[in-house]
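Reviewing the structure listed below.
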Ligand SMILES: [Zn+2]
Ligand SMILES: [Zn+2]
């Protein structure tokens, strides 16, 4: 059965440079890379940031050996949009076929993208060169205003306002339309107007929201980026259905991105903040958003009551009694008479107070990450993080 469905997956959402800081893990630290599977099954890759490596690994897990064909749309040649290329194994496998689309840079002239590949995979920057790229590759140089079609998906390119140039891409599939407009600075009337026309009526607008509106107006003016506020304005004026804030600043923690998202939602409720592993499914009913499973810490099944309050999809506040069915835990701090060795394994069994039944015991496997003797020699402060049991039979999100 063929369904009229398009699926977009975010493999990298971070701007400028990858981040590894823990406070950026929830949204993710890989630089831009998106995968679109169009209704007929055609594959598109939007940008080749470090997220591309994970896409390659995912294909290796899920594909047969028959080879894949994909259309790769590159917005521009800044590092964060190409640095995943050397680590995308499908480029190095002969059964695969890729069609690259990008623009002719005035700095590199004809065959810009080939030159980018050759200089990226050159000595002494990388151990192998492009002769090792065994896949079939063909290259198209496109420019702002150009339109073409791939297996029933109409693609349009538009110039954005960014140092050394950048193209936005619009993909109109039979299941819905996506506009990918990252690395864009507002404020030049001709570009601003053009982008609004380009995004008109799109089901999904993915937009550069790297900085705060205050930074765009002051210290980051001229850096080639935008904010959630500009995204909201475009989404409204162009009657976009969903806005996705993208290209998060490497110096923005998850809390900062949360703040941008909640500010944007006050103005335009159908706003999302791009997160690694997030997927958007477009079909005749609209757009379904799903996040990757992120509760990776060990979890324990149990059952107790809780009172939960929050905000429902229609914006109304609620409070209700709920049942907690499992908990995932990161770790604990313990006071022990013994001094366990760092990076050794412990078993921690937590007794829930006032409960007699066995189900109130939480048994956790843990590894020691900190151990310090207290003022009294008989007491040690021990930090542990919980680690997965050998048999992880827990339900997933
Ligand atoms: Zn960028
Ligand atoms: Zn850029």
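Numbering (this note's numbering), first residue to last: 16 to 412.
C-beta atoms are modelled at their ideal positions from N, C-alpha and C, and glycine is treated no differently.
**Q.** Contact between the region 195 to 213 and the region 239 to 253 (3+ Cβ pairs under 8 angstroms)
**A.** The region 195 to 213 makes contact with the region 239 to 253: 3 or more CB pairs, one atom from each, lie closer than 8 angstroms.
(Q) Check this for me: beta carbons of residue 262 and residue 30, under 8 angstroms apart or not? (A) yes
Q: Could you tell me the distance, in whole angstroms, from the CA atom of residue 159 to the CA atom of residue 343?
A: 49 angstroms
Q.
Tell me which residues pass a beta-carbon proximity test against ligand 2: closer than 5 angstroms to any heavy atom, given in chain order.
A. 93, 198
**Q.** Where the beta strand (DSSP E) through residue 294 begins and ends
**A.** Element bounds for residue 294: 294 to 298.
Q. Residue 273 lies in the alpha helix (DSSP H); which residues open and close that run?
A. 269 to 282
Q. Residue 151: which of 321, 110, 254 sits nearest, CA to CA?
A. 110
Q. Is residue 31 near ligand 1, in the sense that its beta carbon is under 7 angstroms from a heavy atom of that ligand?
A. yes
(Q) Helix, strand or coil for residue 97? Go by DSSP, reduced to three states. (A) coil
Q.
Following a CB-centred definition, is residue 262 positioned closer than 7 angstroms to any heavy atom of ligand 1?
A. yes
Q: State whether the region 110 to 126 contacts the region 72 to 87, with contact taken as three or more CB pairs (one from each stretch) at a distance under 8 angstroms.
A: yes
Q: Name the two residues that bound the continuous beta strand (DSSP E) containing residue 187.
A: 181 to 188
**Q.** Same chain, Cβ closer than 8 angstroms to residue 20, neighbours up to 5 away in sequence not counted
**A.** Hits under 8 angstroms: 54, 190, 296, 297, 298.
Q: Kindly list the residues whose CB is nearer than 6 angstroms to the CB of residue 182, restricted to its own chain and excluding five residues on each side of it in sequence; keep chain order.
A: 90, 118, 172
(Q) So, at 8 angstroms on beta carbons, what are the nonlocal neighbours of residue 226 in its own chain, with the 5 sequence-adjacent residues on each side left out? (A) Counting only Cβ-Cβ distances below 8 angstroms, and skipping sequence neighbours, we find 235, 238, 240, 241, 242, 264.
Q: Just list the alpha helix (DSSP H) runs in the region 222 to 265, keeping only unbroken ones of 4 residues or longer that don't cross its boundaries, in chain order.
A: 228 to 232, 243 to 252
Q) Using the beta-carbon count (16 or more within 10 Å), is residue 128 buried or exposed? A) buried
(Q) Please list the terminal residues of the continuous beta strand (DSSP E) segment that includes residue 317. (A) 314 to 326
(Q) Run through the DSSP bridge pairs and tell me what residue 384 is partnered with. (A) Residue 384 pairs with nothing; no bridge assigned.
Q: Sort 163, 366, 286 by Cα distance to residue 328 and report the nearest one.
A: 286
Q: Could you tell me the distance, in whole angstroms, from the CA atom of residue 405 to the CA atom of residue 362?
A: Whole-angstrom Cα-Cα distance: 13 angstroms.
Q) Where does residue 28 sit, in a helix, a strand or coil, going by DSSP? A) coil
**Q.** Expected contact under 8 angstroms - CB spacing of residue 224 and residue 260 to nearest Å
**A.** Confirmed, about 4 angstroms.
Q) What is the DSSP secondary structure of residue 399, reduced to helix, strand or coil? A) strand
Q. Can the beta-carbon of residue 186 be found closer than 8 angstroms to that of residue 59?
A. Yes. Within cutoff.
Q. Taking 7 angstroms as the line, does the beta carbon of residue 265 fall inside it for any heavy atom of ligand 1?
A. It does not: the Cβ of residue 265 is nowhere closer than 7 angstroms to a heavy atom of ligand 1.
Q) For the putative contact between residue 23 and residue 193, defined by C-beta atoms under 8 angstroms, what is the C-beta separation to the nearest angstrom? A) 6 angstroms
Q.
Mapping the DSSP letters down to three states, classify residue 158 as helix, strand or coil.
A. coil
Q.
Looking at residue 303: is its Cβ nearer than 8 angstroms to the Cβ of residue 257?
A. No. Outside cutoff.
(Q) If the criterion is Cβ atoms closer than 8 angstroms, does the pair residue 341 and residue 314 meet it? (A) If you check the CB distance, residue 341 and residue 314 come in under 8 angstroms.
Q.
Measuring only the C-alpha atoms, how far is residue 77 from residue 69?
A. 12 angstroms
Q: Could you spell out the range, first to last residue, of the beta strand (DSSP E) harbouring residue 172?
A: 168 to 175
Q. Whose CA, out of 365, 25, 72, 104, lies closest to the CA of residue 349?
A. 365
(Q) Under 7 angstroms: does the beta carbon of residue 201 sit that close to some heavy atom of ligand 1? (A) no
Q | Spatially closest choice to residue 98 from 136, 73, 120, 107, by CA coordinates | A | 136
Q | Cβ-heavy atom distance, residue 96 to ligand 1, below 7 angstroms | A | yes
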